[in-house]
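Below is one structure; the comments refer to it alone.
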Amino acid sequence: MVEEEAKSLPMELREKGGVENNGFVQNEAFDDDGTDTSSQEGMPKPCAVDVDPVAEEEAVLKPYAGMPKEVLLKFSSQARYRVTREILFWLIIAAALALVCATIAIIALSPKCLDWWQASPIYQIYPRSFKDSNMDGNGDLKGIQEKLDHITYLNIKTVWITSFFKSPLKDLGYGAEDFNDVDPIFGSMSDFESLIAAIHDRGLKVIMDLIPNHTSDKHRWFQLSRNRTGKYTDYYIWQDCRQADGSVIPPNNWVSVFGNSSWQFDDVRKQCYFHQFGKEQPDLNFRSLAVQQEIHDIMKFWLNKGIDGFSLSTVKFLLEATHLRDEPQVNKSQNGESITSYSQLYHDYTTTQVGMHDIIRSFRQTMNEFSREPGRYRFMGSGDDEKEDIEATMMYYGTSFIQEADFPFNFNLINMKNLSGNSIFEAVDLWMKNMPVGKWPNWAVGSPNAARISSRIGKVYVNVMNMLLLTLPGTPVTYYGEEIGMENIASENVSEEHVNSDPVVTLPEKSPMQWDGKVNAGFTEGNSSWLPVNSNYQSVNVETQMAHSNSTLNLYRELTLLRNSELPISRGWMCYIWNDSNVFVYVREFDGLDRVFMMVLNFGQRATIDLRVIVPNLPSEAVIRLSTNFSNAGKAVSTKLIQTEMGEGLVLEYKTRKPVHTMEAFRGKCFVAEKACYSMALNLLYVNC
Numbered sequence: 006m007v008e009e010e011a012k013s014l015p016m017e018l019r020e021k022g023g024v025e026n027n028g029f030v031q032n033e034a035f036d037d038d039g040t041d042t043s044s045q046e047g048m049p050k051p052c053a054v055d056v057d058p059v060a061e062e063e064a065v066l067k068p069y070a071g072m073p074k075e076v077l078l079k080f081s082s083q084a085r086y087r088v089t090r091e092i093l094f095w096l097i098i099a100a101a102l103a104l105v106c107a108t109i110a111i112i113a114l115s116p117k118c119l120d121w122w123q124a125s126p127i128y129q130i131y132p133r134s135f136k137d138s139n140m141d142g143n144g145d146l147k148g149i150q151e152k153l154d155h156i157t158y159l160n161i162k163t164v165w166i167t168s169f170f171k172s173p174l175k176d177l178g179y180g181a182e183d184f185n186d187v188d189p190i191f192g193s194m195s196d197f198e199s200l201i202a203a204i205h206d207r208g209l210k211v212i213m214d215l216i217p218n219h220t221s222d223k224h225r226w227f228q229l230s231r232n233r234t235g236k237y238t239d240y241y242i243w244q245d246c247r248q249a250d251g252s253v254i255p256p257n258n259w260v261s262v263f264g265n266s267s268w269q270f271d272d273v274r275k276q277c278y279f280h281q282f283g284k285e286q287p288d289l290n291f292r293s294l295a296v297q298q299e300i301h302d303i304m305k306f307w308l309n310k311g312i313d314g315f316s317l318s319t320v321k322f323l324l325e326a327t328h329l330r331d332e333p334q335v336n337k338s339q340n341g342e343s344i345t346s347y348s349q350l351y352h353d354y355t356t357t358q359v360g361m362h363d364i365i366r367s368f369r370q371t372m373n374e375f376s377r378e379p380g381r382y383r384f385m386g387s388g389d390d391e392k393e394d395i396e397a398t399m400m401y402y403g404t405s406f407i408q409e410a411d412f413p414f415n416f417n418l419i420n421m422k423n424l425s426g427n428s429i430f431e432a433v434d435l436w437m438k439n440m441p442v443g444k445w446p447n448w449a450v451g452s453p454n455a456a457r458i459s460s461r462i463g464k465v466y467v468n469v470m471n472m473l474l475l476t477l478p479g480t481p482v483t484y485y486g487e488e489i490g491m492e493n494i495a496s497e498n499v500s501e502e503h504v505n506s507d508p509v510v511t512l513p514e515k516s517p518m519q520w521d522g523k524v525n526a527g528f529t530e531g532n533s534s535w536l537p538v539n540s541n542y543q544s545v546n547v548e549t550q551m552a553h554s555n556s557t558l559n560l561y562r563e564l565t566l567l568r569n570s571e572l573p574i575s576r577g578w579m580c581y582i583w584n585d586s587n588v589f590v591y592v593r594e595f596d597g598l599d600r601v602f603m604m605v606l607n608f609g610q611r612a613t614i615d616l617r618v619i620v621p622n623l624p625s626e627a628v629i630r631l632s633t634n635f636s637n638a639g640k641a642v643s644t645k646l647i648q649t650e651m652g653e654g655l656v657l658e659y660k661t662r663k664p665v666h667t668m669e670a671f672r673g674k675c676f677v678a679e680k681a682c683y684s685m686a687l688n689l690l691y692v693n694c
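Numbering-wise (our numbering), the sequence shown opens with residue 6 and increments by one.
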């Protein structure tokens, strides 16, 4: 009876307005098996149960686990759940909007990241002298690939390979016989493709030389042009020459860079062709649109191969005046017939002609076509050295609206006539004060066409020059071997054979890279090398210097690491502090950071300087972060008495809340290329500071 009454209770509750919890109803099949529900007559009358209305309402509103959708919907419409839900909804919407706005603000306020050609030093390789892989005595592309670990060891991420086009190797290979092929002396196109893949696998970038001004006289275009074949007839600059007494009289007094007339008579065409360099290197006619298109196609060929950029050389020679007037003499009293040297004329009609920059801009447009993929910006530098004409050099940057080169290569530090703190300051200041606003500087202290640092200014200054190079603002360019202090080989060691193959004798600075103390300095396993190895290779080599913490190589490596890791040095302000005949002092600062680096570099004799007199509010002490004298690193020095020996360099570090670039006394002495500020609170960079 009790069991039957319990079964009848839910039915009675429904009649009274009670709530049935379906979550606990027994399975109907079980009920059918256990109870006969066909008749209710035998059941006793159920007891009446009184239900409190308030308690009943609470039972209705109280949720429980496993409730069905119909019951859940009853609760969802109640105010306390609906309001909470709406508050959470709008909070989520507000948070999402705030996140989007914050993201947009961060993007809008964040400075442009440095491109790869700005962020890393560039390591310039003369391929014939870097590493020989096949024992023929000539460096090659496979040799470069074998030594890529050396590049990464130096904390460098950009490699610049000088010309390796197929060529008769006149003028060191700068007159191409085929722009779309590799000279066999350096390997094959397959070797080049393998090298590109290996470079990119290491996260490195590679740029190459392109010399568009001229070709070799062995080039197919020249052979077709001298025979007046179709469109190639006007690919070069041809003029009639007068005959007198059995000799050829050129159209004018123009002289080649290498000396003597820049006109050469051709027996096949019976005309003279123009050459700014050697007679084996005829100039292309860039007033021909077909020639311009050929160069664009060459650029596209190598860009499709994976090249990340070009250094365009000799571009100031692309156009010549069409009127063919004689160029003015430097010495007007000199007999014109005696003029044979390039320096004896003003080259008003053979360099930097109207329209030349338009051609360079068109090259830039081709580079931009390959720069649209994120992270694949293609670099373009110009390699013409205008020397005394700084304004002409700056024109290669382009304008605010029309881009040309990312930068013209800067040879000011190479072209100095004498070395002192003042001359270093003048070379740096000349570039910085003339550089257009918003452009990026660069510096080089060595090149394939200049004596090495050790031979040019002395071994004692190698380390301090590298310190200067790697702490100035902008992109440093290091010529292979300068990281270990290589010297020129003696001129008498350059044989007649070398001179004949390369008529302009600039070979002493191209001696083979000194890798170790073994025979031929580890450059080749063959019996000999194309140029002699420097006799000091047993002490000046990579392997030896890697093992000594106080070596030129390890100082170079520490400097590149400092540059890559410290914002003030990689993209901060530079302010001149002091210069005299002995020292050059400057600081590197970054808005928002209280950490400052001060470089005290000695390019003269032993000197002492009181920096506190020069810089107001300078801390009384600074820590030597790096020094060319390794034993001094980490020491604290008084800024009132900074002493440096000849060729010594110090990187001092100190903290201040009054950076030099904010001081009125140094207005006009401070420069910044890619301005940015640092927020310590948010740990991010921003531009509006």
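We put the CB at the ideal spot given by N, CA and C, even for glycine.
Counting the other Cβ atoms within 10 Å of the Cβ of E393 gives fewer than 16, which makes it exposed. The three-state secondary structure of R662, taken from DSSP, is coil. The Cβ-Cβ distance between W268 and V211 does not fall below 9 Å. In summary, D154 is exposed, with fewer than 16 beta-carbon neighbours lying within 10 Å of its beta-carbon over all protein chains present.
Uninterrupted beta strand (DSSP E) stretches at least 3 residues long and entirely within the region 534-562 do not occur.
Taking 9 Å as the cut-off, the Cβ atoms of L657 and R630 count as close. For S134, the closest alpha carbon among the candidates G486, Y69, V76, P73 is that of G486. For a cut-off of 8 Å, the C-beta gap from F315 to L215 is around 5 Å, short enough to register as a contact. Scanning Y131, F184, K175, E626 for the CA closest to the CA of K645 turns up E626.
Across the structure, P217 and R231 are spaced so that their CA atoms are roughly 19 Å apart. If you draw a straight line from the Cα of W259 to the Cα of R207, it comes to about 48 Å. L646: not part of any alpha helix (DSSP H); DSSP gives it neither H nor E. Counting along the chain, no beta strand (DSSP E) covers Q123; the unbroken alpha helix (DSSP H) around it starts and ends at 121-124.
Ranked by Cα distance from E514, the first of S570, E198, A526, P537 is P537. Among the bridge pairs identified by DSSP, V692 is matched with none.
For I190, the CB contacts under 6 Å within the same chain, skipping 5 residues up- and downstream, are N143 in chain order. A residue is called buried when at least 16 other Cβ atoms come within 10 angstroms of its Cβ; T483 meets this threshold and is buried. In this structure, the alpha-carbon of T167 lies about 9 Å from that of P453. Assignment of Q610 by DSSP, reduced to helix, strand and coil, places it in the coil class. In the structure shown, D363 adopts helical secondary structure according to DSSP, grouped into three states.
If you ignore the 5 residues before and after A203, its C-beta comes within less than 7 Å of the C-beta of Q150, L153, all in its own chain and listed in chain order.
Between the alpha carbons of K321 and C106 lies a gap of roughly 49 Å. Segment contact: the region 249-256 against the region 223-237, fewer than three CB-CB distances shorter than 8 Å; contact not assigned.
Taken through DSSP and simplified to helix, strand or coil, D239 comes out as helix.
For a cut-off of 8 Å, the C-beta gap from D288 to Q281 is around 5 Å, short enough to register as a contact. Fewer than three Cβ pairs drawn from the region 344-359 and the region 415-430 lie within less than 8 Å of each other, which leaves the two stretches out of contact. Within the region 297-354, the runs of beta strand (DSSP E) that reach at least 3 residues and sit entirely inside it are, in chain order, 314-317. In the structure shown, the three-state DSSP call for F94 is helix. Rounded to whole angstroms, the Cβ separation of G180 and T220 is 6 Å, and the two are in contact under 8 Å.
Separation of G341 and P333 (C-alpha to C-alpha, rounded to the nearest whole angstrom) is 10 Å. The C-alpha of R617 lies about 21 Å from the C-alpha of A638. Annotated three-state conformation of H219 is strand, per DSSP.
Counting the other CB atoms within 10 Å of its CB gives Y561 a total of 16 or more, which places it among the buried residues.
In terms of Cα proximity to K284, the closest of G264, I300, I303, L294 is G264.
For D196, there is no enclosing beta strand (DSSP E); the residue is part of the alpha helix (DSSP H) that begins and ends at 194-206. Residue ranges of uninterrupted beta strand (DSSP E) with 3 or more members, entirely inside the region 359-446 and ordered along the chain, are 384-387.
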